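Be aware that the sequence shown starts at 1, since it is given in the UniProt record's numbering, and climbs by one per residue.
Each remark here refers to the structure printed beneath this line.
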Amino acid sequence: MTTPDTRHDNPQFDSLLPAARLDRRGFVTTLAAAGFALAVQPVHASTLITTDDSKLTTGDETIDVNGDRLPIYFARPAEATGRLPIVLVVQEIFGVHEHIRDVCRRLAHQDYLAIAPELFFRQGDPSKLESVAEILQEIVAKVPDAQVMADLDACADWAVAAQGGDPEKLAITGFCWGGRITWLYAAHTARVRAGIAWYGRLVGTPSSNTPLQPIDVADRLNAPVLGLYGGQDQGIPLEGVQMMQEALRKAGSPSTIHIYPDAPHAFHADYRPSYRREEAEDGWKRLLEWLSSHLG
């Protein structure tokens with residue numbers, strides 16, 4: 001496997017990012033109900049780490065899902081031979097912005113076919129809204145888990161049919177909102193072989209669109225999931241993480257959760273002040289080891 005060309009090119013990055021406009025109601029909604037980081041809106045044009053697309057095939061496509069056209073971004077090694085292991089990359093609440101695309105390119109440099117679908121495309125475009133509270137209320141709350149599962153299934157099918165993906169080597173990773181989806185998808189389909197969930201919500205109140213939380217499916221995961229969580233995450237308290245750890249233990253699950261004691265929420269998001277280089281790099285190393293171990 002090859003190593004991507006990355007750079008840490010802005011040592012003053014934390015001080016340059018604009019704060020999101022977030023009212024008190026949005027603050028409470030975010031912490032109590034969703035567990036999302038509050039720091040900033042996504043920066044589309046400038047991420048701290050930039051992975052080039054040399055020796056890769058990358059692009060934007062659309063996939064038919066029951067008559068809808070699901071937009072996706074994909075990246076794969078350009079000269080790969082044979083079927084490629086597939087990794088579905090699930091967005092944060094901010095959509096498939098440059099950071100998520102960069103994650104796909106990093107995976108492609110490691111000989112994976114990475115696909116990031118725009119899972120909110122029916123409900124709206126997060127980049128058009130001005131605050132986390134608006135995104136949560138106007139878009140995220142309206143996205144049914146069942147719709148997301150169907151879209152991810154369609155991506156897995158497309159990967160095999162259109163890009164030569166290996167149907168026996170399917171994995172998923174997701175960040176924040178996508179971390180929660182990672183746990184749920186591992187329980188949704190027997191096709192998935194591995195999951196890596198970055199600081200996704202684990203417990204919560206059910207709703208019509210989100211009837212189950214990860215803790216509810218801890219005993220029915222079809223594949224081992226590696227959870228990566230921050231000990232200083234104000235939106236996902238350690239108590240909830242420990243409850244999930246206990247649920248996994250009782251289920252006899254091979255899944256595991258690693259906690260970084262000093263890390264906040266979104267410690268892997270290199271376009272936000274929450275980014276912690278040491279923890280992010282260690283988490284990425286663990287991700288690659290988890291994929292290699294379970295996909296071969």
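Note that the Cβ used here is the ideal one computed from N, Cα and C, for glycine as well.
Predicted model only: the values in this text are computed from it and were never measured.
- Runs of the alpha helix (DSSP H) lying entirely within the segment 204 to 266, each at least 4 residues long, are 238 to 251 in chain order.
- Shown here for residue 220: same chain residues with a beta carbon closer than 7 Å to its own, the five before and five after excluded, namely 187 in chain order.
- Within a 10 Å sphere around the beta-carbon of residue 255 sit 16 or more other beta-carbons, which makes this residue buried.
- Contact annotation: the segment 265 to 283 touches the segment 223 to 236, with at least three C-beta pairs closer than 8 Å.
- The beta carbon of residue 276 is closer than 7 Å to those of 263, 267 in its chain, skipping five residues each way along the sequence.
- Residue 176 and residue 93 have their C-alpha atoms roughly 7 Å apart.
- Straight-line measurement puts the Cα of residue 244 at about 7 Å from the Cα of residue 202.
- Of the other Cβ atoms in all chains shown, 16 or more fall within 10 Å of the Cβ of residue 51; this residue is therefore buried.
- In this structure, 200 is the residue among 164, 168, 200 with its C-alpha nearest to the C-alpha of residue 174.
- Sequence-distant partners of residue 222 (beyond 5 residues in either direction) whose C-beta falls short of 7 Å from its own C-beta, in its chain, are 186, 187, 189, 190, 192.
- Under the three-state reduction of DSSP, residue 169 is assigned to strand.
- Membership of residue 182 in the alpha helix (DSSP H) is indicated by the continuous run 177 to 188.
- A straight-line Cα-Cα distance of about 30 Å links residue 240 and residue 125.
- In the structure shown, the three-state DSSP call for residue 283 is helix.
- Taking C-alpha positions only, residue 209 is separated from residue 142 by approximately 7 Å.
- Proximity to residue 286 across 274, 252, 261, 225 peaks at 225, based on C-alpha coordinates.
- Residue state for residue 269 is assigned as coil, using DSSP reduced to three classes.
- Residues of the same chain with a CB within less than 6 Å of the CB of residue 270, apart from the 5 flanking positions on each side, are 47, 48, 49 in chain order.
- Taking every protein chain shown into account, the CB of residue 76 has 16 or more other CB atoms within 10 angstroms, so this residue is buried.
- Around residue 58, the same chain offers 75 as residues with beta carbons nearer than 6 Å, after the five sequence neighbours per side are excluded.
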